[in-house]
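Numbering (full-length UniProt numbering), first residue to last: 1 to 488. Positions of the beta carbon are idealized from the N, C-alpha and C atoms, including for glycine. Written below as structure tokens is the structure these notes are about.
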Amino acid sequence: MTVIKNQTNVLKNYINGQWVESNGTNTLEVPNPATGEVLATVPVSSKEDVDQAVQAASEAFRTWKNTPVPKRARILFKFHTLLSDHHDELAKLIVQENGKAFKEAHGEVQRGIECVEFAAGAPTLMMGETLSGIAEDIDSEMFRYPLGVIGGITPFNFPMMVPLWMFPLAVACGNTFVLKPSERTPMLANRLAELFTQAGAPAGVLNVVHGAHDVVNGLLDHEDVKAISFVGSQPVAKYVYERAAANGKRVQALSGAKNHHIVMPDADVAKAVTHIVASAYGSAGQRCMACSAVVVVGDGEAFVRELKTRADELIIGNGLDDEVLLTPVIRDSHRSKVLDYIEKGVEEGASLIRDGRKEMDEMQDGNFLGPTIFDHVTPEMIIAKEEIFAPVISMLRAEDLDEGLEYIRKSRYGNGATIYTKDAKAVRKFREEADAGMLGINVGVPATMAFFPFSGWKDSFYGDLHVNGKDGVNFFTRKKMITSRYDF
Ligand code: NAD
């Protein structure tokens with residue numbers, strides 16, 4: 001087991017390069033979702049803690065914004081090396097606090113490292129634009145500048161990747177950062193702060209304040225916080241977007257999802273099932289890009305039979321065991337909500353062709369739930385419309401691709417969608433008409449890489465500029481225009 005300094009008892013906040021105790025009076029336990037073992041205790045920090053962190057970040061900003069861009073990039077290169085050196089350790093820590101399988105956690109660390117790789121390109125990314133001769137003897141130039149202090153609020157399901165979507169690029173662009181990690185997976189954030197400091201980040205450039213909504217509100221309302229980057233569930237994303245925007249801040253708020261996977265009659269059944277099983281059941285379905293609604297076009301009986309067989313064969317257990325694919329959900333309270341959805345699906349008349357509740361009884365220690373499949377779900381049902389965020393597939397039937405596309409169009413969410421087919425015409429139609437921002441063609445988890453925007457649509461995103469890629473650079477910088485006359 002990884003032993004993390006300063007995390008054994010109540011976790012500390014990281015403010016101005018120091019590990020400091022929170023002023024908050026409440027704490028929460030951080031149990032391992034697979035075993036129930038308490039890994040740490042997290043403070044529910046106060047507004048006062050936020051104020052201290054923002055003050056430290058504001059002071060650090062005065063010098064950090066003037067630190068030459070290549071020098072900032074060099075710290076990111078060092079951070080990149082340290083993260084790679086600690087790849088296994090970080091992945092194990094993710095398994096412990098989040099519960100996902102080691103292989104998934106290893107992939108998550110890799111995805112995080114790629115964000116640092118992208119941010120280390122700051123000297124190129126931060127370049128402006130010029131045009132000589134906008135009028136006679138007059139030129140125009142655009143320079144990019146950082147905004148100031150950025151607040152980052154992150155979810156439990158990617159404790160490494162999501163913070164790394166945010167602070168490396170923000171800091172590379174010359175901003176300073178206050179991170180509020182999920183109170184359900186807070187340990188990794190402290191390890192990231194340690195490694196970032198080891199890489200040479202000056203005090204106050206990255207601060208971590210643990211806690212829940214008081215910390216979030218403290219960031220949303222603080223006048224020295226210039227932008228908010230949020231990732232989490234839909235109601236909270238909307239709330240964060242509205243409150244931060246009302247306070248004049250720039251906001252990007254990434255939200256919930258219901259991702260449809262269309263299985264066309266010509267799809268390779270074995271391959272489609274492999275991708276759907278990995279997408280729907282990997283990380284216990286707790287991914288914003290997880291397949292949660294399958295749309296079977298045509299008869300589909302061979303596909304449905306194979307999906308059920310493969311679900312029956314899944315190995316369920318602790319993510320540290322190599323062969324395990326299906327791991328526990330984050331908390332027992334979350335599992336209770338999922339059980340309510342299963343009840344609701346039965347009441348609404350969907351056919352429960354695989355009931356994951358039976359494995360729950362066999363595995364008492366962690367928050368386990370077996371793979372669950374509803375067939376003959378209709379688009380009006382709650383289990384078709386809402387994000388369940390668990391190993392539950394809602395399967396809808398469609399006569400043709402048009403009907404499948406209509407289901408996607410009707411969904412309030414638009415994060416991802418996938419089609420399984422070899423038919424070029426169907427692929428093109430899907431690409432042109434699917435009403436979602438990240439599409440997969442025979443790809444189970446079409447999550448974008450760090451150099452492209454993570455591009456959710458509809459209620460899966462509130463704001464204009466997405467995280468990562470050029471959108472991320474634009475989000476974390478403001479532009480200054482210079483118009484110069486030379487015949488003076
Ligand atoms: P969550 O909304 O419960 O929590 C996210 C953050 O918001 C946490 O830091 C939490 O402390 C804070 N928070 C929670 N309730 C709050 C409140 N009432 N007021 C202020 N702050 C509050 O989300 P979660 O359960 O940790 O994460 C899972 C959700 O995140 C899913 O809906 C998933 O789809 C979404 N997600 C989306 C993306 C994406 O790219 N769109 C990526 C990852 C996760």
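### Query
So the beta strand (DSSP E) residue 492 belongs to, where does it begin and stop?
There is simply no residue 492 to check, as the chain begins at 1 and stops at 488 in what is shown.
### Ranges of the beta strand (DSSP E) found wholly within the stretch 324–387, counting only runs of at least 3
351–354, 372–377
### Task
Below 7 Å CB to CB, which residues in the same chain sit around G17 once its five sequence neighbours on both sides are set aside?
On the sequence shown, residue 17 is found 17 positions in, with the first residue counted as 1. Contacts found: T197, A203, G204.
### Task
Report back the beta-carbon spacing between P33 and V329 to the nearest angstrom; my notes put them in contact at under 8 Å.
For the purposes of this step, residue 33 is taken as residue 33 along the sequence shown, with counting starting at 1. For the purposes of this step, residue 329 is taken as residue 329 along the sequence shown, with counting starting at 1. Rounded, the Cβ-Cβ distance is 7 Å, consistent with contact.
### Query
What residues match up with G463 in a beta bridge as DSSP calls it?
For the purposes of this step, residue 463 is taken as residue 463 along the sequence shown, with counting starting at 1. According to DSSP, G463 bridges with Q252.
### Query
By Cβ distance, which residues of its chain are closer than 6 Å to T483, with the 5 residues on each side in sequence left out?
By 1-based counting over the sequence shown, the position of residue 483 is 483. Around T483: S140.
### Query
Which word fits M127, buried or exposed, when buried means at least 16 other C-beta atoms lie within 10 angstroms of its C-beta?
Taking the sequence shown and counting its residues from 1, one reaches residue 127 at position 127. Result: exposed.
### Query
For A212, is the beta carbon positioned less than 7 Å from some heavy atom of the ligand NAD?
Walking along the sequence shown from the start, residue 212 turns up at place 212. Yes, the Cβ of A212 comes within 7 Å of a heavy atom of the ligand NAD.
#### Entry: Start and end residues, beta strand (DSSP E) containing C291
Working through the sequence shown from its first residue, we reach residue 291 at position 291. Unbroken beta strand (DSSP E) run through C291: 291–297.
#### Entry: Where the beta strand (DSSP E) through D139 begins and ends
As a first step, residue 139 is located in the sequence shown; it is residue number 139 there, counting from the start. Element bounds for D139: 138–146.
### Task
Can you give me the Cβ contacts of E117 inside the same chain, cut-off strictly under 8 Å, excluding the 5 residues immediately before and after it?
Position 117 of the sequence shown, counted from the start, is the residue given in the question as residue 117. Contacts found: H80, A450.
### Task
Determine the direct distance from the alpha carbon of A227 to that of K425, and round the result to whole angstroms.
Residue mapping note: residue 425 aligns to position 425 of the sequence shown, counting from 1. Residue mapping note: residue 227 aligns to position 227 of the sequence shown, counting from 1. Cα-Cα distance, rounded: 43 Å.
### Task
Go ahead and pull the three-state DSSP assignment for E301.
In the sequence shown, the residue the question calls residue 301 occupies position 301. Looking at E301 - three-state DSSP - the assignment turns out to be helix.
### Message
On the DSSP bridge list, what partners appear for N98?
### Response
Within the sequence shown, the letter at position 98 stands for residue 98. Beta-bridge pairing links N98 to no other residue.
### Message
Does A272 pass the burial test, meaning 16 or more other C-beta atoms within 10 Å, or should it be called exposed?
### Response
Here residue 272 refers to the residue found at position 272 of the sequence shown. Buried, by the Cβ-count rule.
### Query
When the Cα atoms are used, what is the spatial distance from L147 to A172?
The count along the sequence shown starts at 1 and reaches residue 147 at position 147. The count along the sequence shown starts at 1 and reaches residue 172 at position 172. Whole-angstrom Cα-Cα distance: 12 Å.
### Query
Under the three-state reduction of DSSP, which class applies to M264: helix, strand or coil?
Sequence index remark: in the sequence shown, residue 264 carries index 264 (1-based). Coil at M264, not helix or strand.
### Query
Measuring from the CB of P328, is there a heavy atom of the ligand NAD at a distance below 7 Å?
Against the sequence shown, residue 328 aligns to sequence position 328. Every heavy atom of the ligand NAD is 7 Å or more from the Cβ of P328, so no.
### Task
Check the DSSP bridge columns for V178 and list the partner residues they point to.
Counted from its first residue, the sequence shown places residue 178 at position 178. Answer by DSSP bridge pairing, in chain order: G151, N207.
### Segment contact flag, the stretch 66–81 with the stretch 163–180, C-beta cutoff 8 Å, min 3 pairs
yes
### Message
Only counting the same chain, and skipping five residues up and downstream in sequence, which positions put a Cβ closer than 7 Å to that of V346?
### Response
Here residue 346 is taken as the residue at index 346 of the sequence shown, counted from 1. Answer for V346: L352, listed in chain order.
### Query
If L405 sits next to E380, beta carbons under 8 Å apart, how far is it from one beta carbon to the other, in whole angstroms?
In the sequence shown, residue 405 corresponds to position 405, counting from 1. In the sequence shown, residue 380 corresponds to position 380, counting from 1. 17 Å between Cβ atoms; not a contact.
### Query
Which whole-angstrom value describes the C-beta separation of D423 and D266, a residue pair presumed to lie in contact below a C-beta threshold of 8 Å?
Mapped onto the sequence shown, residue 423 falls at position 423. Mapped onto the sequence shown, residue 266 falls at position 266. The pair is a contact, with the Cβ atoms about 6 Å apart (cut-off 8 Å).
### Query
What is the residue span of the beta strand (DSSP E) that Y239 lies within?
Mapped onto the sequence shown, residue 239 falls at position 239. Element bounds for Y239: not the beta strand (DSSP E) but the alpha helix (DSSP H), 234–246.
### Query
Would you report the Cα separation of D355 and G469, rounded to the nearest angstrom?
Reading the sequence shown from its first residue, position 355 is the one you call residue 355. Reading the sequence shown from its first residue, position 469 is the one you call residue 469. Cα to Cα, D355 sits roughly 41 Å from G469.
### Task
Enumerate in chain order the residues of its own chain whose CB-to-CB distance from E183 is below 6 Å, with the five nearest sequence positions on each side excluded.
Walking along the sequence shown from the start, residue 183 turns up at place 183. For E183, where only same-chain residues beyond five positions count, the Cβ hits under 6 Å are L28, V42, A212.
### Task
Would you kindly check if the distance between the Cβ of V225 and the Cβ of K249 is under 8 Å?
Start at 1 with the first residue of the sequence shown, and residue 249 comes out as number 249. Start at 1 with the first residue of the sequence shown, and residue 225 comes out as number 225. Closer than 8 Å, so yes.
### Task
Return the CA-CA distance between G112 and N367, expressed in angstroms with no decimal places.
Numbered from its first residue, the sequence shown carries residue 112 at position 112. Numbered from its first residue, the sequence shown carries residue 367 at position 367. Near 26 Å, if we compare the C-alpha coordinates of N367 and G112.
### Message
Given 7 Å as the limit, tell me if F452 has its C-beta closer than that to any heavy atom belonging to the ligand NAD.
### Response
Stepping through the sequence shown from its first residue, residue 452 is reached at position 452. Flag unset: Cβ of F452 not near the ligand NAD.
### Task
Have a look at G99 and K410 and give me their C-alpha separation to the nearest angstrom.
If you number the sequence shown from 1, residue 99 lands on position 99. If you number the sequence shown from 1, residue 410 lands on position 410. Using only the alpha carbons, I get a separation of about 33 Å.
### Task
In angstroms with no decimal places, state the Cα-to-Cα distance between E386 and I134.
Counting from 1 along the sequence shown, the entry for residue 386 is found at position 386. Counting from 1 along the sequence shown, the entry for residue 134 is found at position 134. About 52 Å.
### Query
Which residues does DSSP pair with residue 505 in a beta bridge?
An answer regarding residue 505 cannot be provided, because it is not within the stretch 1 to 488 covered by the chain.
### Query
Roughly how many whole angstroms lie between the Cα atoms of N6 and K12?
Here residue 6 corresponds to residue number 6 of the sequence shown, with the count starting at 1. Here residue 12 corresponds to residue number 12 of the sequence shown, with the count starting at 1. With a pLDDT of only 44 at N6, under the threshold of 50, the placement of this residue in the model should not be trusted; the figure read from the coordinates follows. Going from the Cα of N6 to the Cα of K12 covers about 7 Å.
### Query
Any idea what DSSP makes of L93, helix, strand or coil?
Position 93 of the sequence shown, counted from the first residue, corresponds to residue 93. Note: L93 maps to helix in three-state DSSP.
### Query
Expressed to the nearest angstrom, what Euclidean distance is found between the alpha-carbon atoms of Y14 and K65?
Translated into positions along the sequence shown, residue 14 becomes position 14. Translated into positions along the sequence shown, residue 65 becomes position 65. For Y14 and K65, the distance between alpha carbons rounds to 21 Å.
### Option nearest N23 by Cα separation, candidates Q252, K47, P371
By 1-based counting over the sequence shown, the position of residue 23 is 23. For N23, the nearest C-alpha among the options comes from K47.
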